[in-house]
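Q: In terms of the UniProt record's numbering, the sequence shown has 264 at position 264, counting the first letter as 1, and numbering is strictly consecutive. C-beta: ideal position from N, C-alpha, C; glycine also. A single structure is presented below for examination.
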Amino acid sequence: MRALVATGYGDPDQLTLAELPVPTPGLGQVLVRIAAAAVNPTDLRVLTGGFRDLLDLEFPYTPGNEFAGTVVETGPGVTRYRAGDEVFGMALPRQLRAVADPGRPSLSTGALADHAVFEADTPAIGHRPSALPPDLAASLPIAGGTTLALTAAAKVRPGESVLVVGATGPVGLTLVPVLAAAGAEITATARTAEGADLLRGLGAHHVVGHGAYPSGVDVVLNLALLPDALPDAARALRPGGRLLSIVFPPPRPEQLGRDDVDLGFVMHTGDERTGAEAVAEAALAGALTTPIARRYPLDDAVAALVDHARGRPLGKIVVTV
């Protein structure tokens with residue numbers, strides 16, 4: 001089978017498309033023929049060594065977290081799926097087990113390939129409804145699930161003011177319409193006029209540049225800044241305001257530059273409330289959608305990751321197989 005392969009740490013242009021044996025599903029696993037896989041910031045951060053303080057990759061390594069495809073074989077003990085089932089979801093490549101959910105980890109051989117093996121017993125993977133096309137299904141698990149997790153944690157009430165930092169990434173573009181539907185007063189950050197126009201169209205009331213934050217907001221949702229860059233965003237909060245971050249590592253209270261903030265960290269692992277079937281239900285109800293910026297065939301998967309790293313796409317980049 002074809003698979004995107006890294007032979008060492010480095011920028012995405014060092015990746016190659018290689019021929020590898022089709023993996024065999026073991027106990028509790030399924031083999032899936034991939035139809036679409038989405039590119040994520042985590043893919044790039046892992047490849048460039050961003051998690052080396054937590055784990056050392058063994059090479060060759062195939063990236064890819066989000067996917068949609070068809071079950072072609074089930075391993076022993078699998079009762080939830082059978083050959084021919086359409087599935088989608090998210091699963092970290094096996095070598096990233098150290099940062100996966102320790103209880104029911106969703107792991108795979110890497111989704112940027114013709115085929116991949118996945119753990120079957122996880123809510124991070126589920127049946128794909130026929131009304132949800134494969135490319136959209138592959139684009140939704142992380143952005144959609146993170147949006148569900150963030151909104152549940154933030155508990156934004158109608159009329160509350162919310163600053164979304166990093167709003168032109170896939171999570172932000174999925175989150176802003178949900179906040180608008182909840183009646184929030186939204187200020188979102190953008191780097192370009194095109195991004196600002198897109199955010200306004202999705203429901204943002206105000207769009208500002210990074211660092212040009214308002215003051216006195218009720219909630220800050222950080223989708224982009226590492227902890228040492230959070231003090232400016234924290235200063236935008238009213239006393240006692242809420243700041244929630246999705247950026248790893250989790251921020252510590254002393255990194256905010258003030259001690260009156262209700263600080264939280266949201267790490268989406270695809271549990272029953274935010275996993276594949278919850279995302280599918282919300283998407284079919286019209287409550288979740290993620291823009292797809294560009295599509296690439298698997299033969300051009302290297303270009304897809306280079307584009308993601310350098311092109312700042314407004315939406316997901318999806319690789320079709």
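#1: Name, in chain order, the residues that DSSP records as bridge partners for Ile142.
#2: Could you pull out every residue in the same chain whose Cβ sits closer than 6 Å to the Cβ of Ala143, ignoring the five residues on either side in sequence?
#3: With three or more C-beta pairs closer than 8 Å as the rule, is the region 38 to 53 touching the region 81 to 89?
#4: Going by Cα to Cα distance, which pick from Leu221, Val319, Leu20, Pro313 is closest to Arg191?
#5: Taking 6 Å as the limit between beta carbons, can you name the residues of its chain near Arg33, skipping five residues before and five after?
#6: What are the partner residues of Met90, as DSSP defines its beta bridges?
#7: Beta carbon of Ala258, beta carbon of Ala113: below 8 Å?
#8: Rounded to whole angstroms, what is the Cα-Cα separation between Leu31 and Glu19?
#9: Run the CB neighbour count on Lys155, radius 10 Å, all protein chains shown included, and call it buried at 16 or more, exposed below.
#10: In or out: Phe67 buried (at least 16 other Cβ within 10 Å) or exposed?
#11: Can you have a look at Asp218 and say buried or exposed, based on whether 16 or more other CB atoms are within 10 angstroms of its CB?
#12: Restricting to Cα atoms, I'd like to know which of Asp299, Ala309, Arg310 is closest to Val319.
#13: I'd like the list of long-range same chain contacts for Tyr9, defined as Cβ closer than 6 Å, with 5 residues on each side in sequence excluded.
#14: According to the neighbour-count rule (16 or more other Cβ atoms, all chains shown, within 10 Å of its Cβ), is Glu119 buried or exposed?
#15: Taking three-plus beta-carbon pairs below 8 Å as touching, is the region 193 to 201 in contact with the region 133 to 147?
#16: How many Å lie between Pro12 and Pro41 at the Cα?
#17: Once the 5 residues before and after Ala282 are set aside, which same chain residues still bring their CB inside 8 Å of it?
#18: Tell me which same chain residues have a C-beta within less than 6 Å of the C-beta of Gly275, skipping the five on either side of it?
#19: What would DSSP say about Glu19, mapped onto helix, strand or coil?
#20: Classify Leu243 as buried or exposed, calling it buried when 16 or more other Cβ atoms lie within 10 Å of its own Cβ.
#21: Starting from Leu30 and walking both ways along the beta strand (DSSP E), at which residues does that stretch end?
#22: Would you call the CB atoms of Ala234 and Val208 closer than 8 Å?
#23: Pick from Val302, Ala184, Val220: whose alpha carbon is nearest that of Pro239?
#24: Between Ala36 and Pro134, how many whole angstroms is the CB-CB distance? I'm expecting something under 8 Å.
A: Straight from the coordinates:
#1: DSSP, once it has assigned bridges, lists no residue as partnering Ile142.
#2: The answer, listed in chain order, is Pro170, Val171, Thr174, Thr290.
#3: By the Cβ test, the region 81 to 89 is not in contact with the region 38 to 53, since fewer than three Cβ pairs between them sit closer than 8 Å.
#4: Across the set Leu221, Val319, Leu20, Pro313, the C-alpha of Pro313 shows the shortest separation from the C-alpha of Arg191.
#5: Cβ within range, chain order: Gly69, Thr70, Val72, His115.
#6: DSSP output for Met90 lists Glu66 as bridge partner(s).
#7: In the sequence as displayed, the identity of residue 258 is Arg instead of Ala. Against a cut-off of 8 Å, the Cβ pair of Ala113 and Arg258 comes out as no contact.
#8: Between the alpha carbons of Leu31 and Glu19 lies a distance of about 17 Å.
#9: Residue environment analysis places Lys155 among the exposed positions, since fewer than 16 neighbouring C-beta atoms fall within 10 angstroms of its C-beta.
#10: That one is buried.
#11: Burial call: buried.
#12: Closest in alpha carbon position to Val319, among Asp299, Ala309, Arg310, is Asp299.
#13: Shown here for Tyr9: same chain residues with a beta carbon closer than 6 Å to its own, the five before and five after excluded, namely Gly49 in chain order.
#14: A buried status is given to Glu119, since no fewer than 16 other beta-carbon atoms sit within 10 Å of its beta-carbon.
#15: Under the 8 Å Cβ criterion, the region 193 to 201 does not count as touching the region 133 to 147, having fewer than three qualifying pairs.
#16: About 12 Å.
#17: Cβ neighbours of Ala282 beyond the five flanking positions: Gly144, Leu148, Leu288.
#18: So the qualifying residues of the chain are Pro123, Ala124.
#19: Reduced to three states, the DSSP call for Glu19 is strand.
#20: Counting Cβ neighbours within 10 Å, Leu243 comes out buried, since at least 16 surround it.
#21: One point to set straight first is that residue 30 is Val, not Leu, in the sequence displayed. Taken as a continuous stretch (DSSP letters only), the beta strand (DSSP E) holding Val30 covers 29 to 38.
#22: No, the Cβ-Cβ distance between Ala234 and Val208 is not below 8 Å.
#23: In this structure, Val220 is the residue among Val302, Ala184, Val220 with its C-alpha nearest to the C-alpha of Pro239.
#24: So it is a contact: roughly 4 Å between Cβ atoms.
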